[in-house]
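Structure record follows, encoded as structure tokens.
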Amino acid sequence: MEPLEDDRLLAARARDGDHNAYAELVDRYGGRLHAMLLHLCAGDADLAAEFTQEAFVRAFERLDLFAGGSAFYTWLYRLARNRAIDLLARRKPVAMADEHLADIPQIGASTPIDRLAADEQRALVHAGMARISPEHREVLLLREWDGMDYDQIAIALGIALGTVKSRLNRARAELRSVLAPHVCAEDL
Amino acid sequence: MITTDSTPRRDPLAAAIRALPRPSLPAGLRHQLLASAPFPRPRQIIRWPRLIAAAVAAALAVAVLPIAIPSAGPHPMIMARVAPPSAPAPITDPSALAAWPVSVIRSTTVEIELSTPQASAIGGLVVEGLDARGRVVLSRPALGPGMAPAALVVPGERWRVDLGQAEGVVTIRLRRGSEIAPAMPIPTTVP
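In order, the protein sequences belong to chains Y and U.
With our numbering, letter number 129 in the first sequence gets 129, and the count goes up by one each step, no holes.
With our numbering, letter number 21 in the second sequence gets 209, and the count goes up by one each step, no holes.
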């Protein structure tokens, strides 16, 4: 859980011109947002950086509107995602650009065989994620990768709780169908 | 192929998504995020002596100059009226023009008007504007020699001139041939 009160204070200080407070917000949430957008944009680093920067500028301009009712990151993500989803929805599915994600060390792969399996698994999921719709990719990432609960996802996406659940179900189904030719049924 | 392990798994798909990389924020992007925050700029220190000098110069200019009319619109147009301060008389000596008042309000475009009825008498006159680096940013060679006086200057004729890449204070000078009238600085700078 994020320190809501703390974020509210930081946002207020940044709004009043405190550069350090703004830097703290960037350090807290910039990496998380950028990584999320990097996955959402199928590894397109330029696009992810552009959306990240735009989100922070928009957030800064709207700090007055951040009431602290939701987590700062949820609010920030909502600012970032609208344009991103809109743009991605108009693009054709692309192959995952993995070079910006390839050198990240993986946890839990202790032996060469484990590492090989983990790499294979990651490559499959990456490829599958890149092929499903941006909306489905987004909701899966928010839930499984980012760890948001349903309520936070509902706020971040501006949709009802029931819609979150149904969208997640459809997203999982789409990813399973994309991965089906490549994996055993028990793995799905 | 997604492999199995010995521990119970509720959702291998979720686990695979959770295992996706978590890159940190690139240093360059962090720098950009901090640099692009639209913090209000710190207030500039008001230099009172300069401010007072500018105010006095402006007051003097208003007292002396005939008209200075900025136009509306995205590209403000400036009236820089050049007119004799006294009764019009044929002008033969460019240096006499040094007494003509010139005013330009901050703009990238100036409009110059010769309003003297005897303006047609000033054939061969060249109006030049030089910026702070000495570059000619305004030139009206249409007043040059070889043209019929009647076609040269019509009383009230205006020239709209884009100062383009001018920098700093623009100085207007009047020239006939190699004779150059003393410079008349425009009391403003081009943005």
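The beta-carbon is built from N, C-alpha and C at its ideal position, and this holds for glycine as well.
Predicted, not measured: the structure shown is a model, and the values here were computed from it.
Cβ of residue i within 8 Å of any chain Y Cβ
| i | result |
| --- | --- |
| residue 243 (chain U) | no |
| residue 215 (chain U) | no |
| residue 210 (chain U) | yes |
| residue 246 (chain U) | no |
| residue 318 (chain U) | no |
| residue 206 (chain U) | yes |
| residue 218 (chain U) | yes |
| residue 286 (chain U) | Residue placement at residue 286 (chain U) cannot be trusted, given a pLDDT of 41 that sits under 50; what the coordinates show is reported in the next sentence. It does not; no Cβ of chain Y falls within 8 Å. |
Below-8 Å beta-carbon distance, residue i vs any chain U residue
| i | result |
| --- | --- |
| residue 47 (chain Y) | no |
| residue 61 (chain Y) | yes |
| residue 34 (chain Y) | yes |
| residue 174 (chain Y) | no |
| residue 88 (chain Y) | no |
| residue 66 (chain Y) | no |
| residue 69 (chain Y) | no |
| residue 73 (chain Y) | no |
| residue 140 (chain Y) | yes |
| residue 31 (chain Y) | yes |
| residue 168 (chain Y) | no |
| residue 104 (chain Y) | Low confidence applies to residue 104 (chain Y): its pLDDT is 43, below 50, so where it sits in the model is not reliable, and the reading given next is rough at best. With 8 Å as the cut-off, residue 104 (chain Y) counts as an interface residue toward chain U. |
| residue 136 (chain Y) | no |
| residue 122 (chain Y) | yes |
| residue 51 (chain Y) | no |
| residue 79 (chain Y) | no |
| residue 76 (chain Y) | no |
| residue 178 (chain Y) | no |
| residue 37 (chain Y) | no |
| residue 171 (chain Y) | no |
Under 8 Å between C-beta atoms of residue i and residue j
| i | j | result |
| --- | --- | --- |
| residue 136 (chain Y) | residue 208 (chain U) | no |
| residue 48 (chain Y) | residue 34 (chain Y) | yes |
| residue 130 (chain Y) | residue 45 (chain Y) | no |
| residue 139 (chain Y) | residue 150 (chain Y) | no |
| residue 226 (chain U) | residue 60 (chain Y) | yes |
| residue 66 (chain Y) | residue 11 (chain Y) | yes |
| residue 174 (chain Y) | residue 206 (chain U) | no |
| residue 156 (chain Y) | residue 74 (chain Y) | yes |
| residue 78 (chain Y) | residue 162 (chain Y) | no |
| residue 221 (chain U) | residue 53 (chain Y) | yes |
Residue i at chain A interface by Cβ criterion, 8 Å
| i | result |
| --- | --- |
| residue 162 (chain Y) | Of the protein chains in this structure, namely Y and U, none is chain A. |
Inset, instruction - Scan the segment 7-30 of chain Y for residues whose Cβ lies nearer than 7 Å to a Cβ of chain U and list them as they occur along the chain. - result: Those residues of the segment 7-30 of chain Y placed with their C-beta closer than 7 Å to a C-beta in chain U are 17, 19, 22, 23, 26, 30, ordered along the chain.
Inset, instruction - Could I get the ranges of all uninterrupted alpha helix (DSSP H) runs contained in the segment 130-178 of chain Y, with 4 residues as the minimum, in chain order? - result: The segment 130-178 of chain Y contains, as complete alpha helix (DSSP H) runs of 4+ residues, the segments 134-140, 150-157 (chain order).
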